[in-house]
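A.B. asks: In terms of UniProt numbering, the sequence shown opens at residue 1 and continues consecutively.
The beta carbon of each residue, even a glycine, is placed where N, CA and C say it ideally should be.
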Amino acid sequence: MAQWQEVSEKSKLHPKPVGLVLQYGTAGFRTNADHLDHVMFRMGLLATLRSINTKAIIGVMVTASHNPEEDNGVKLIDPMGEMLTPAWEVYATQLANAEQDHLITVLKDLVQKESIDLTNQEAEVFVGRDTRSSSARLSDAVLDGVTALDGRSKDYGLVTTPQLHYMVCCCNTRGGYGKASVEGYYSKLSQAFIQLTKSAPNRTDDQKCLLVDGANGIGALKLREMEPYLQGALKVSLFCDGTGGKLNHQCGADFVKVQQNSPKGIVMKAGERCCSFDGDADRIVYYYSDDHGRFHLLDGDKIATLISTFLKELLTKAGLDLKIAVVQTAYANGSSTRYLEDTMKSLSHFVIVRCAKTGVKHLHHVAQEFDIGVYFEANGHGTVLFSKAAEEKIQQLCDDSEGERQGAATLLKNSVDLINQTVGDAISDMLLIEAILAIKGMTVQQWDAIYTDLPNRQLKVKVSDRRVIDTKDAERKTVSPAGLQEAIDRLVERHQDGRSFVRPSGTEDVVRVYSEAATQESADALGHEVSLAVY
Ligand code: 16G
Ligand code: ZN
């Protein structure tokens with residue numbers, strides 16, 4: 001077939017370094033940008049086939065998120081704006097690793113396995129990229145791949161990862177989710193935010209101010225673009241906005257979370273609200289400095305607690321009987337889980353708490369089981385999902401009720417519109433948090449005081465083969481190597497409020513160790529002891 005000939009010819013312009021092996025990891029491919037040209041071309045091919053296969057638009061985002069500027073990567077987006085289905089991750093890895101003269105065979109195999117009919121089939125792929133210097137040429141390679149298979153493409157250029165997820169979802173739902181343009185995104189979110197904060201009339205100008213660390217990346221660029229749409233309802237003081245510093249360097253959500261400190265060079269006044277995005281704006285953490293200059297981090301667990309409490313209170317006021325769940329991972333601080341399971345119940349704010357494996361796709365999947373699923377990783381990646389039935393009930397109540405019930409239903413409706421349900425979104429999450437704090441008249445300190453984090457530690461251990469570690473129970477227990485779990489159990493017992501787990505990383509060649517306990521010394525000691533048991 002002429003088509004294969006063309007693919008074969010074009011692929012020679014994007015040659016694979018012989019012997020290079022890469023894995024479609026937890027969130028796509030990620031490595032030094034110099035090794036990715038062939039991967040990008042081939043992901044263009046894969047996205048085109050996936051588009052034919054699903055009869056829908058597929059997204060390809062060129063980014064390496066919080067990694068250093070020198071790296072790059074690619075994430076594929078499925079029809080409803082969710083992450084690529086795991087079965088196709090396997091094809092992605094096979095395609096990326098096929099040596100040059102084997103590429104067409106691998107492609108033909110895929111086409112046969114998925115019964116893809118290449119004749120007269122339309123395919124469309126949306127492409128976006130972050131601000132890395134390598135991203136423009138790499139996204140051109142993706143576009144080349146799409147063209148090689150006669151697919152249509154739309155290049156959205158510089159967008160955040162969640163914006164591209166939003167575009168894909170908008171188009172595949174024929175506008176049902178919103179208008180598929182960055183302006184459509186800004187308008188939808190801004191309108192919802194303005195409506196929500198209208199219900200907080202006593203909000204002072206001081207409360208409207210927020211310090212935002214844009215990680216010197218795409219999030220900063222896009223937030224600046226969005227500001228006029230917010231019509232002064234939120235005043236943002238943007239730093240690490242890409243005008244001076246380097247992407248993700250000593251700034252951004254990952255830096256702040258890992259260092260448990262503010263971005264370098266930032267002066268925070270006591271009690272001032274600050275937040276940090278990551279390099280592609282799909283993660284966010286909040287923080288502030290107290291009167292003694294002590295740094296306080298409000299991570300994904302604190303965010304999930306704030307959002308779920310807010311939604312649960314509204315459901316109660318609206319008299320809506322919808323099941324709400326909070327989905328966490330093993331990394332969730334023990335205090336947050338205890339708060340959600342016990343304290344909220346004692347306040348008659350019952351929420352279901354579930355644990356999923358690390359990686360957004362796993363949390364997303366579990367959250368889909370409920371009427372309302374709030375999911376967040378401790379690192380600040382998360383969002384809220386509403387079932388179709390839940391959205392309809394909320395809408396109906398807005399139309400049919402009055403008084404307090406209608407007020408609560410309207411707030412719920414505006415929250416639905418403000419949330420990017422396709423994936424965690426730093427801009428959307430930030431606006432939701434700001435709206436909740438405004439409506440509740442809550443300071444960042446009051447939010448922080450909902451519960452106190454248990455001191456914790458994260459370590460990495462280099463082992464010869466991390467795959468010997470196998471886990472169960474959403475990574476909270478190990479099943480192999482034999483005896484490891486028993487050893488961890490014995491160590492944990494010696495520490496008050498002790499908890500620890502180990503898991504092989506999905507993005508680095510290391511084993512991760514997490515520990516928490518009543519004091520920092522104890523958490524550190526436990527982490528060290530467990531690391532020795534792994535080694
Ligand atoms: C990826 C995941 C992130 C997860 C991290 C774990 C997405 C979009 N990103 O960055 O959610 O926390 O991997 O990395 O799913 P690890 O397996 O190396 O600990
Ligand atoms: Zn990211």
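(1) Among the residues of its own chain, which have a CB less than 7 angstroms from the CB of His38, if the five just before and after it don't count?
(2) Leaving out five residues before and five after Lys108 in sequence, what residues of the same chain have Cβ atoms less than 8 angstroms from its Cβ?
(3) Is the distance from the Cβ of residue 541 to the Cβ of Arg132 below 8 angstroms?
(4) Considering only C-alpha positions, which residue in the set Gly252, Gly279, Gln121 and Lys317 is nearest to Tyr286?
(5) What number of angstroms, rounded off, separates the C-alpha of Gly382 from the C-alpha of Gln112?
(6) For Pro228, count neighbouring C-beta atoms within 10 Å of its own C-beta (all shown protein chains included) and say buried if the count is 16 or more, exposed if not.
(7) Compare the C-alpha of Asn53 against each of Asn120, Glu99 and Phe29 and name the closest.
(8) Roughly how many whole angstroms lie between the Cα atoms of Asp280 and Glu508?
(9) Considering only residues of the same chain and omitting the five flanking positions on each side of residue 537, which have a CB-CB separation below 8 angstroms?
(10) For the stretch 415–425 against the stretch 328–344, are there 3 or more C-beta pairs whose distance is under 8 angstroms?
(11) If Leu189 sits next to Leu431, beta carbons under 8 angstroms apart, how far is it from one beta carbon to the other, in whole angstroms?
(12) May I ask you to check if the CB of Val74 is nearer than 7 angstroms to at least one heavy atom of the ligand 16G?
(13) Look up Lys113 in the DSSP assignment and say whether it is helix, strand or coil.
(14) So, with DSSP's three-state summary, where would you put Gly176?
(15) Which stretch, first to last residue, makes up the beta strand (DSSP E) that contains Glu124?
(16) Within the continuous beta strand (DSSP E) that includes Ala378, where are the two ends?
(17) Report yes if the C-beta of Thr31 is less than 7 angstroms from at least one heavy atom of the ligand ZN; otherwise report no.
(18) Where DSSP assigns a beta bridge to Arg503, which residues make up the other side?
(19) Run the CB neighbour count on His292, radius 10 Å, all protein chains shown included, and call it buried at 16 or more, exposed below.
(20) Under a Cβ-count criterion, where at least 16 other Cβ atoms within 10 Å of its own Cβ denotes burial, should Asp34 be classed as buried or exposed?
(21) Take every Cβ of the stretch 296–313, pair it with every Cβ of the stretch 435–448, and state whether three or more of those distances are shorter than 8 angstroms.
(22) Just grab the DSSP bridge partners of Ile324 for me.
(23) Thinking C-alpha only, which one of Gln23, Thr519, Leu221 and Ser500 is nearest Leu238?
(24) Going by alpha carbons, who is nearest to Met61 out of Ile218, Leu118 and Val18?
(25) One question on the structure: do Ser51 and Ile58 come within less than 8 angstroms of each other, judged by their Cβ atoms?
(26) Between the stretch 305–312 and the stretch 337–353, are three or more C-beta pairs nearer than 8 angstroms?
(27) Beta-carbon within less than 6 angstroms of Phe24's beta-carbon, same chain only, minus the 5 sequence neighbours each way: which residues are those?
(28) So what does His296 bridge to, in DSSP terms?
(29) Just to confirm, does Gly242 get its C-beta within under 7 angstroms of one of the non-hydrogen atoms of the ligand ZN?
(30) Does the pairing of the stretch 504–518 with the stretch 452–472 give three or more beta-carbon distances under 8 angstroms?
(31) Cys209: buried (16+ other C-beta within 10 angstroms of its C-beta) or exposed?
(32) Sorted by chain position, which residues of the same chain lie with C-beta nearer than 8 angstroms to Thr85's C-beta, five sequence neighbours on each side aside?
(33) Over the uninterrupted alpha helix (DSSP H) stretch that includes Lys357, give me the two end residues.
(34) Tell whether a beta-carbon distance below 8 angstroms holds between Met83 and Val326.
(35) Work out the CA separation of Asp453 and Thr471 for me, nearest whole Å.
(36) To the nearest angstrom, how far is it from the Cα of Ser289 to the Cα of Arg273?
C.D. replies: The answer reads as follows:
(1) Non-local C-beta neighbours of His38 in its own chain, meaning closer than 7 angstroms and more than five positions away in sequence, comprise His14, Pro15 and Lys16, ordered along the chain.
(2) So the list reads Trp4, once near-sequence residues are dropped.
(3) Any property of residue 541 remains undetermined from this structure, which presents the chain solely from 1 to 535.
(4) Considering only alpha carbons, the answer is Gly252.
(5) The alpha-carbon of Gly382 is positioned some 36 angstroms away from that of Gln112.
(6) Pro228 sits exposed, since fewer than 16 C-beta atoms from the chains shown fall within 10 Å of its C-beta.
(7) Checking every option, the nearest Cα to that of Asn53 belongs to Asn120.
(8) Rounded to the nearest angstrom, the two C-alpha atoms are 19 angstroms apart.
(9) This structure cannot speak to residue 537, because the chain is shown only from 1 to 535.
(10) No, the stretch 415–425 does not touch the stretch 328–344.
(11) Rounded, the Cβ-Cβ distance is 6 angstroms, consistent with contact.
(12) Result no, Cβ not under 7 angstroms from the ligand 16G.
(13) DSSP places Lys113 in the helix class (H, G or I) of the three-state scheme.
(14) Correct three-state label for Gly176: coil.
(15) Per DSSP, the continuous beta strand (DSSP E) segment holding Glu124 begins and ends at Glu124 to Arg129.
(16) From DSSP, Ala378 is part of no beta strand (DSSP E); its letter is neither H nor E.
(17) With a cutoff of 7 angstroms, Thr31 does not count as near the ligand ZN, since its C-beta is closer than that to no heavy atom of the ligand.
(18) Arg512.
(19) Counting Cβ neighbours within 10 Å, His292 comes out exposed, since fewer than 16 surround it.
(20) By the 10 Å Cβ count, Asp34 comes out exposed.
(21) Flag = yes, the stretch 296–313 and the stretch 435–448 touch.
(22) Paired residues: Ile372.
(23) Minimum Cα distance to Leu238 is reached at Leu221.
(24) The shortest Cα separation from Met61 among Ile218, Leu118 and Val18 belongs to Ile218.
(25) Between Ser51 and Ile58, the C-beta spacing is below 8 angstroms.
(26) Touching, per the Cβ criterion.
(27) At residue 24 the sequence reads Tyr, which differs from the Phe that was named. Correct list, in chain order: Glu89, Ala92 and Thr93.
(28) DSSP links His296 through a beta bridge to Tyr288.
(29) No, Cβ of Gly242 sits at least 7 angstroms from all heavy atoms of the ligand ZN.
(30) Three or more beta-carbon pairs drawn from the stretch 504–518 and the stretch 452–472 are found closer than 8 angstroms, and the two stretches are therefore classed as touching.
(31) Per the 10 Å Cβ criterion, exposed.
(32) So the qualifying residues of the chain are Asp78.
(33) Run containing Lys357: none; DSSP gives neither H nor E here.
(34) No, the Cβ-Cβ distance between Met83 and Val326 is not below 8 angstroms.
(35) The alpha-carbon atoms of Thr471 and Asp453 are separated by roughly 25 angstroms.
(36) Taking the straight line joining both Cα atoms gives about 9 angstroms.
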